[in-house]
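Residues 968 to 1786 in this note's numbering are what the sequence shown spells out, letter by letter. Using N, Cα and C, we set each Cβ at its ideal position, and we do this for glycine too. This report concerns only the one structure given below.
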Amino acid sequence: MHALRLATLLAAVAAFAGSALAQVSVSIDQAPDRVRAGETFEVVWTITSPDPVELTTVAWGNQSRNWTQYGSFRAGAAGTFRTTVTAPANPGTLHWTVYVRTRNARGVIPERQIAVEAAQPTGFGLEQREPRAALTFPIAGAQLDALRREVAFPALTFNSPLFFTSPQDGTDRVAVVEQGGRIKIFPNRDSVTSAATFLDISGQVRSGGELGLLGLAFSPRYASDGRFYVYYSPRGGNTRTRVSRFTVSSDPNRADPNSEEVLLEIDQPYSNHNGGMIAFGPDGMLYVGLGDGGSGGDPQRNGQNLGTLLASILRIDVSGPNGYTIPSDNPFQAAGQRREIWAYGIRNPWRFSFDRLGGDLWLGDVGQDEREEIDLVTRGGNYGWRIYEGTQSYNNPQGLSANRFERPVLDYSHAEGRTVVGGYVYRGPAIPSLRGVYVYGDYVSNRIWGLRYENGQVTWRRELASVPNVSSFGEDEAGELYAVSLSAGRIYRFSANTSGGVAFPTRLSQTGLFRSVATLQPASGVIPYDVNAPLWSDGAVKKRWIALPDNSEIDFSATGSWSFPVGTVLVKHFELELEVGNPASAVRLETRVMVHEQQGWAGYTYRWNAQETDADLLPGGSEGVYTVRDPNAPGGQRRQTWSFPSRADCMSCHTLAAGTILGVGTRQLNRDYRYPARDDNQLRSWNHIGLFSRDIGDHQAYDAYVDPADTAANLSQRARTYLAVNCSGCHQPNGGTPRRIDLRYDTDRLAMNVINQRPEGETLGIADAYLVRPFSGDQSVLLNRMNRRDVRGMPLLGSREIHAQGVELIRDWIEAGAR
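Structural data, given as structure tokens:
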């Protein structure tokens, strides 16, 4: 009966033509290009017709226009139809068409083909776990830095730590300030297992972004007067800064929370650029650092206004029994000037310190668009903001000479870092070679530098180490130097790196990762993988591998970050097509390696030589320029700059808050991979060979990212996936940005802190700007930052080319209501 029905149907078929037929159109919404022999798949099509559809189906066969089989017959109103098709049992070509019959028209669409490949063998893509080849990465680390970074107080972790100091009272205790409003105090011993809560004012502190409990200074006479001073953002009312005095209780490890005396309270026009540092100088005076009031570019012009305390270093005398007095030798005494000011023209003095030996005041002033600066602050000094940013003119309509202002000791560009963290002149006993060196860092790039300043000039500067999201430095009683990591919740100390360490592979061919570097054939135990939603990498083509130590396992999480054993190596290889759309034109750029060392993850970049015979380990970041033939570029070609990341650059994006490893997780790997033996879901295969610490069960029980480029997928899922993959490594709590934006995939829409939220920083000249304004892409700062690659563009690192498709996707999402 079926054969007769099909023969009758085919006899009636004619190509769509004529006036009635021309009103009927068919679009194919879903159909594969290739299938396995015997595989069942779905075809989805949409019919546009003024008349109801009396009959429609898919017909197919092994030969052209010899359609011997058909799917289920359908009828109904014009619209979308679907049916299942079973491929032939043998490899070859499946020829198929869609038949349509309405009251006034009948016919088929032009024939299409699907490649039929050999049937999928039974089993798994990976049948057994191969022993890992002998890789040559030392898990103790490359030890390429001048200083070795070590975790101090390994049993202690802290919640968003911002500062480290000592009461200098002879007890050899140290204190850590937590942004939420607590101060922890404990003995300065590595064996310490717990920290006492010295002060808890979390109920009074407005915390988040650049707000919170930001600074702490113990009185120079703390051993006798028990006084200490804090700098924080109080709750309630308008945003403001408060400096208060407290005293210790009868318990030396606990302050009296009821002893607060408010000394200063300053209104903050915006929530950023709050400064946060307080410290006693060698003169016994309390110095206070205040930012310019926030937003971006100093819109209220506080930098050059001596009538406000903002954008200044203050100097006050708190030695009396109550309040404070203004020292008579402060420099600004004229009418209309705030006499508390010691120096001004400062954008955001996050951290400063006094040299123990000479008393000099060293400051790290956080920059705006292009420069970060280190200053030596002197009485009455004007440091130029907003007329100058570092050594460069910023907003200088009168063309004022830089000689009118105090010049920075040093400034550096945003190619090296984007948020300077002032440090200390090292005067400790443990590292003699470091004595007299001013040590400072950068919160975004994780770099730690040192400089020597002699006879009015920098005579030596060197990158010394790296610390993830360094928020502050500090000293103990002896003058030993410590670094605070906001994202790690740890305190680090430094020691001289004199051992030289185990030899580190300086060429990719020396790593043991590949049987053949020429073909990139992976070595035993080096497993290839792919992801659902790749990070935008300026159009580069990428390949990926993972290698776990033998007998080790991954701690699996359905939605969170996976935990990898020490010794795990992840590899990502980059190539760039010099003719867009022509894979044969691709050149090898770099191969990045992430190694899980004993002290944590570290990233290394190997840059391919011009002959593409091997790749060399880069000592730091570098750039390359390539000419790309692109039909969409003016003249048919463009020059593309590729940035090769330094080790610190790698860890700027691979943040601890995001779990360090960004592309290897459930949602990214829950997809099929074409293994040599068969296609298989990666989670299924990895589970089968025992890469996980537990049996994870059926991979279909877990979520998967959609491909943001898949226009058939849900728009909201595509947009949220894109933002999660490309932005949330930094834009999440403790992710390394001063903003409260949270772009993780699971974050509730309103908890993203972008929907109908005003920008805390610059508005980019957008009238009535919001971070994301539903239904209005033009008012949305997030979208506009994505669509530029200058100093105000996003992302800050890792991309020089605008991702036009990504911008279009986020615009479509916003214009649809950002749901």
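Close beta carbons around residue i, own chain, < 8 Å, minus the five adjacent residues each side
i: Arg972; result: Because Arg972 carries a pLDDT of 39, less than 50, the predicted location of this residue cannot be relied on, and the following value inherits that uncertainty. Here the set comprises nothing.
i: Thr1345; result: Ala1310, Leu1328 and Glu1373
i: Ser1433; result: Asp1112, Arg1116, Asn1413, Arg1414, Ile1415, Arg1614, Ala1615 and Met1618
i: Gln1171; result: Gly1148, Tyr1199, Pro1201 and Arg1202
Bridge partner(s) assigned by DSSP for residue i
i: Phe1440; result: Ala1450
i: Val1144; result: Phe1130 and Ile1150
i: Pro1489; result: Phe1481
i: Met1561; result: Leu1537 and Gly1570
i: Thr1013; result: Ser994 and Thr1047
i: Ala1679; result: Answer by DSSP bridge pairing: none, since Ala1679 is not bridged.
i: Pro1201; result: Val1172
i: Thr1089; result: Per DSSP, none; premise fails for Thr1089.
i: Gly1038; result: DSSP lists no partner for Gly1038.
i: Phe1461; result: Arg1116
i: Thr1023; result: Arg1041 and Val1067
i: Phe1321; result: Leu1328
i: Asp1136; result: In DSSP, Asp1136 forms no bridge with anything.
Reference residue i, options the options, closest by Cα
i: Pro1298; options: Asn1289, Gly1287 and Ala1310; result: Ala1310
i: Trp1512; options: Ser1766, Ser1524, Phe1541 and Ser1191; result: Phe1541
i: Gln990; options: Gly1351, Trp1012, Asn1071 and Phe1440; result: Asn1071
i: Leu1343; options: Ser1368, Tyr1361 and Pro1316; result: Pro1316
i: Val1020; options: Arg1041, Gly1005, Asp1336 and Gly1263; result: Arg1041
i: Tyr1672; options: Val1631, Asn1654 and Val1388; result: Val1631
i: Pro1586; options: Tyr1199, Ala1113, Thr1051 and Gln1030; result: Ala1113
i: Gln1604; options: Gly1657, Arg1614 and Val1547; result: Val1547
i: Leu1324; options: Tyr1405, Leu1556, Thr1064 and Asn1648; result: Tyr1405
i: Glu1768; options: Ala1507, Asn1057, Phe1461 and Trp1352; result: Ala1507
i: Gln1036; options: Ala1107, Ala1044 and Ala1026; result: Ala1026
i: Val1538; options: Phe1523, Glu1520, Pro1532 and Thr1558; result: Thr1558
i: Asn1436; options: Glu1383, Leu1623 and Val1484; result: Leu1623
i: Glu1430; options: Leu1401, Thr1473 and Leu1022; result: Leu1401
i: Ala1101; options: Pro1489, Glu1177 and Trp1653; result: Pro1489
i: Gly1258; options: Gly1243, Phe1247, Leu1717 and Gly1251; result: Gly1243
i: Ile1150; options: Tyr1350, Ala1470, Val1141 and Thr1206; result: Val1141
i: Asp1234; options: Arg1194, Lys1509, Gly1251 and Leu1276; result: Leu1276
Neighbourhood of residue i by C-beta, 6 Å cutoff - its chain only, sequence neighbours within 5 removed
i: Leu1515; result: Thr1535
i: Cys1694; result: Leu1710
i: Ala981; result: With a pLDDT of 40 at Ala981, under the threshold of 50, the modelled position of that residue is not reliable, and no figure is offered here.
i: Pro1266; result: none
i: Arg1752; result: Gly1760 and Met1761
i: Arg1353; result: Asp1265, Gly1270, Tyr1361 and Asn1362
i: Arg1338; result: Glu1356, Gly1357, Gln1359 and Asp1378
The beta strand (DSSP E) enclosing residue i, as first and last residue numbers
i: Ile1398; result: It is not in any beta strand (DSSP E) - Ile1398 carries neither H nor E in the DSSP assignment.
i: Ala1470; result: No beta strand (DSSP E) contains Ala1470, which DSSP labels as neither H nor E.
i: Trp1063; result: Gly1059 to Thr1069
i: Tyr1405; result: Tyr1405 to Asp1409
i: Glu1729; result: Element bounds for Glu1729: n/a, residue is neither H nor E.
i: Gln1607; result: Gln1604 to Phe1611
Cβ distance (whole Å) where residue i is taken to contact residue j below 8 Å
i: Ile1398; j: Ala1463; result: 5 Å
i: Arg1001; j: Ile1081; result: 6 Å
i: Ala1644; j: Gly1005; result: Their Cβ separation, rounded to whole angstroms, is 17 Å, which puts Ala1644 and Gly1005 out of contact at 8 Å.
i: Asp1409; j: Thr1386; result: 6 Å
i: Arg1003; j: Ala1086; result: 5 Å
i: Val1255; j: Leu1231; result: 7 Å
i: Ser1262; j: Glu1729; result: 7 Å
i: Thr1051; j: Gly1059; result: Contact flag wrong, Cβ pair sits at about 20 Å.
i: Trp938; j: Tyr1593; result: Shown here, the chain extends from 968 to 1786; a query on residue 938 therefore has no answer.
i: Ala1785; j: Ile1458; result: Contact doesn't hold; Cβ gap of about 40 Å is too wide.
Spatial neighbours of residue i in its chain, beta-carbon cut-off 7 Å, leaving aside the 5 residues before and after
i: Pro1249; result: Phe1321 and Gly1326
i: Ser1216; result: Ala1222 and Asp1223
i: Gln1772; result: Ala1676
i: Asp1306; result: As written in the sequence, residue 1306 is Arg, which differs from the Asp given in the question. Here the set comprises Ile1293, Asn1297, Phe1299 and Gln1300.
i: Asn1701; result: Ser1127, Leu1453, Ser1454 and Ala1624
i: Pro1726; result: Ala1736, Leu1738 and Val1748
Delimiting residues of the alpha helix (DSSP H) encompassing residue i
i: Ser1589; result: Element bounds for Ser1589: not the alpha helix (DSSP H) but the beta strand (DSSP E), Ser1589 to Arg1596.
i: Leu1257; result: First-last for Leu1257: Leu1253 to Leu1257, but that is the beta strand (DSSP E), not the alpha helix (DSSP H).
i: Tyr1189; result: Tyr1189 to Asp1192
i: Ile1777; result: Ala1771 to Glu1782
i: Leu1658; result: First-last for Leu1658: undefined, no H or E at that position.
i: Leu1614; result: Residue 1614 is actually Arg in this sequence, not Leu. Counting along the chain, the alpha helix (DSSP H) containing Arg1614 begins and ends at Arg1614 to Cys1620.
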